[in-house]
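Peer 1: First the structure, which I've put down as C-alpha cells, then a few questions once you've had a look.
Numbering (UniProt numbering), first residue to last: 1 to 137.
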C-alpha cells in the first residue's frame, strides 16, 4: 500500500499559527450567557464592545482597542436596557457611535467619546430622553 493516499489534500496543510501572548489579550471579561446566534462583540478602529453578563438588565463593555491584559470587574459599563443586550454594532461612518439592541425590544444609540469620562445617550423610549452615563475611559 502506498503512502500517497494517506496524506489529505488541503490548501491549508502548510499554514501554522502561533497563539497570542497573554499581554496582547483581554482576560476576565464576563461575556453574556444569553443564547443568541449573533456575535457578542463588535470592533472598529478605536474600540471593542463586548456584551457582558449584568444583573437587572443588559449592559455592554466598551474598551479602547489598545487596552490589553486583565479587565477589572469594577470597570464601568454602558447600561440602560431593561433586558439582556442581544447585539451591538458600530456605526460605519463614525467610530464613536454604537447601537445596542435588547430583548426589551429597544435599540439605543450611544456616542462614545475618545479619552473622555462621560457619554450622552439618546433613549427612544422616553420623550426627549437624553442621559449622561459614565463609561470611565
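Ideal Cβ positions, reconstructed from N, Cα and C, are used throughout, including at glycine.
Which residues in the same chain as residue 128 place their Cβ atom closer than 7 Å to its Cβ, once the five residues preceding and following it in sequence are excluded?
Peer 2: Caution is warranted here: a pLDDT of 44 is assigned to residue 128, below 50, making its placement in the model unreliable, and the coordinate value is therefore given only provisionally. None.
Peer 1: Given 8 Å as the limit, is there contact between the stretch 36-47 and the stretch 13-24, that is, 3 or more CB pairs closer than that?
Peer 2: In short, these stretches do not touch, since the Cβ pair count stays below three.
Peer 1: Is it buried or exposed for residue 11, if we count other Cβ within 10 angstroms and need 16 for buried?
Peer 2: Result: exposed.
Peer 1: Where do the ends of the beta strand (DSSP E) carrying residue 66 lie?
Peer 2: Taken as a continuous stretch (DSSP letters only), residue 66 belongs to no beta strand (DSSP E), as it is neither H nor E.
Peer 1: Where does residue 42 land, buried or exposed, given buried means 16+ other C-beta within 10 angstroms?
Peer 2: The residue in question, residue 42, is buried, as its Cβ has 16 or more Cβ neighbours within 10 Å.
Peer 1: Exposed or buried, residue 58, counting other C-beta atoms within 10 Å across all chains shown (16 or more means buried)?
Peer 2: Buried is the call here.
Peer 1: Give me the Cα-Cα distance between residue 64 and residue 13, rounded to the nearest whole angstrom.
Peer 2: Taking the straight line from one Cα to the other gives about 35 Å.
Peer 1: On the premise that residue 52 lies in contact with residue 29, defined as a C-beta separation below 8 Å, what is that separation, rounded to the nearest angstrom?
Peer 2: Right, the Cβ-Cβ distance comes to about 7 Å (below 8 Å), so this counts as a contact.
Peer 1: Could you tell me which whole beta strand (DSSP E) segments of length 3 or greater appear in the stretch 53-99?
Peer 2: For the stretch 53-99, whole beta strand (DSSP E) runs of length 3 or above, ordered along the chain, are 58-64, 78-81 and 85-90.
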